Each structure stands twice: as C-alpha cells, then as structure tokens.
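In numbering that gives the first Met the number 0, the protein residues as written are 0 to 257.
Virtual Cβ for every residue (Gly too), placed ideally from N, Cα, C.
Computed from a predicted model, the values in this text were never measured in an experiment.
To start, the structure itself, in structure tokens.
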Amino acid sequence: MDEALLPRKERSIWEILTWELTVEELKKISFVGAPFMAVAMSQYLLLGVSMMMAGHLGELALSGVAIATAFCNVTGFSLLWGLCGALETLNGQAYGATQYYKLGSYTYCAIICSLPICLPVCLLWMYMDKLLVLIGQDPQVAEIANRYAMCLIPGLFGYAIVQSQVRFFQSQSLVLPMMFTSLATLCFHIIVCWVLVFKFGFGSKGGALAISFSNWFNVILLGFYMRYSPSCEKTRTLHLKDVFLSVKEFFHFAIPSA
C-alpha cells in the first residue's frame, strides 16, 4: 500500500534497486551454493560408482552391494553427517563473532568425538549378515553385503574427519577448495575402483575398498589445504583446553542434528 502512494518515478527507482539487490544476493548464494552442491554430489557418487561397478559382476553382487550401501548409509554415514552438522551452528557463530580460533577448536572437538562413535557402528556392520538373515534375507546376498561392509570400515573413520573438515571450510565460505578436492577425489575413486574390482579381481569388495581409500584421500587433500593455506591461518589454531571444554557444547547440538 505504501508503494502505491509513491510517485511513479520513485516507484520505478525502488523497483530497480530491489531487482539489483536481488540479483546481487542471488550471485552470492550461487557462488557458495553451486560449488557446495558439487561437493555433495561428488561424495554421493562415491557410493554410486562402486555400485555401478558391482553391477557388472552379476545380479547377486549388485544385490549384496545395494543392501550393504543402504544399511551402511543409514546406520553409519548418515549418523556421522548429522553429528558433524553441529559445526554448522558452532562454527557459524564463532566466525560471525570473529572468534576465529574457536573454529579450529570446534572442528578438532568434532573429530575427537566422532571417531569413538564409529566403533559401535563398526561392530554392527561386522554382524550385518546375521541381522539380514534374521529378517529373512538370502544368505548369499547377506554374506556379500557383510564382506562389502567390512571393507567400508576404514572409510567410515575417514568420513568422520571429512565431514568435520567440510563444515570447517563451509563456515568460512571456502567452497572452491572443497569443490576441487571433492572432484579430484571422485576422479581418483573411479580409477581406483576400476583397478581393484576388475584388474586386481577383488570383485565387490574392491568397490568398498575404493570408497575407503577415496575418503582418506580427501582427508589428506583437505588437511594439506587447512594446514598450509593462508586462508585458514587464523582458524586452524589448536587449543587443547578449548577442544575438551567444547565437548559438552558439541553434543548439545550434535545429538538433535543426528
């Protein structure tokens, strides 16, 4: 109603300014959102590539890998993704308040807290075949799923670190390094997966091992950038006292997030 009372000239100027501001904000969102979308897609494609490779091994292998992927994603990877989601709040608040040293403390705290949680998940994966048979799954499929999950265990620990690192960079809008490392990891994964599955004859287990190698490869790439980039000079500092004092605060946000 207020706009209707404005003269036509003032109204057109207001509309132009509003449109320019909207376009400017869209550019900012796209600059952050598009690379982060590439990061998320690259991480999901790790599982997809291994499943596609298993599809060339036969229906039995594909069935086992599909069940293992779904089971491990729900009980392990999604759990860690949710736990590390606490950093989106904690790191965002710290960065907004220019308390840059806290980003490093919160990130290291998330890693320290997430790694022990991987242990009961690994125990669950070790007995996956028995659980699947118990609910009526074919024993052969259950056995393949179990072997696949066992080979994913090293990658679970790497995934916990990667998710903490991703939140560390995300809170600083350092999305381009994440995008490049994620795409490099995906290319690395495709090659390693093909070699392990077909050239070395590991079969479906090779796909799971490739995921584990790729997760740790991503950890190393992000770790190097975090350690040596001037962009992270103020935020990568480690204060052990703050790390352990942040545990309670981390779980306060991590449990609902998971």
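Jot down the residue ranges of each uninterrupted alpha helix (DSSP H) in the region 105–161, minimum 4 residues, whole runs only, in chain order.
127–133
Looking at the structure shown, is Thr88 part of a helix, part of a strand, or coil, going by DSSP?
In this structure, DSSP gives Thr88 a helical state, which the three-state scheme calls helix.
Taking 7 Å as the limit between beta carbons, can you name the residues of its chain near Gln189, skipping five residues before and five after?
Correcting the residue identity first, residue 189 is Ile in this sequence and not Gln. Val48.
With a 10 Å radius around its C-beta and 16 neighbouring C-beta atoms as the bar for buried, classify Thr184 as buried or exposed.
buried
Using a Cβ-Cβ cut-off of 7 Å (strictly less than) and excluding sequence neighbours within five positions of Leu123, which residues of its own chain qualify?
Thr74
Straight-line Cα distance separating Ala69 from Asp241:
37 Å
Nearest by alpha-carbon distance to Ala144: which of Gly91, Ser203, Lys101, Pro153 is it?
Comparing Cα positions, the closest option is Ser203.
My assumption, with CB atoms under 8 Å, is that Ser213 sits in contact with Phe187. Please give the rounded CB distance.
6 Å
Could you work out which residue in Pro34, Thr234, Ser163 is closest to Gln98 when comparing CA atoms only?
Thr234
Taking Cβ to Cβ, would you say Ser113 is nearer than 8 Å to Leu79?
yes
Ile92, buried or exposed, once every other Cβ within 10 Å from all chains shown has been counted against 16
It is Gln, not Ile, that sits at residue 92 in the sequence shown. Flag for Gln92 reads exposed.
With C-beta atoms as the reference, is Ser163 less than 8 Å away from Leu86?
Cβ atoms of Ser163 and Leu86: closer than 8 Å.
Contact set for Leu270: own chain, Cβ-Cβ below 6 Å, skip 5 residues either direction:
With the chain covering 0 to 257 only, the question about residue 270 has no answer from this structure.
Which listed residue (Phe216, Leu59, Ala53) has its alpha carbon closest to that of Gln42
Phe216
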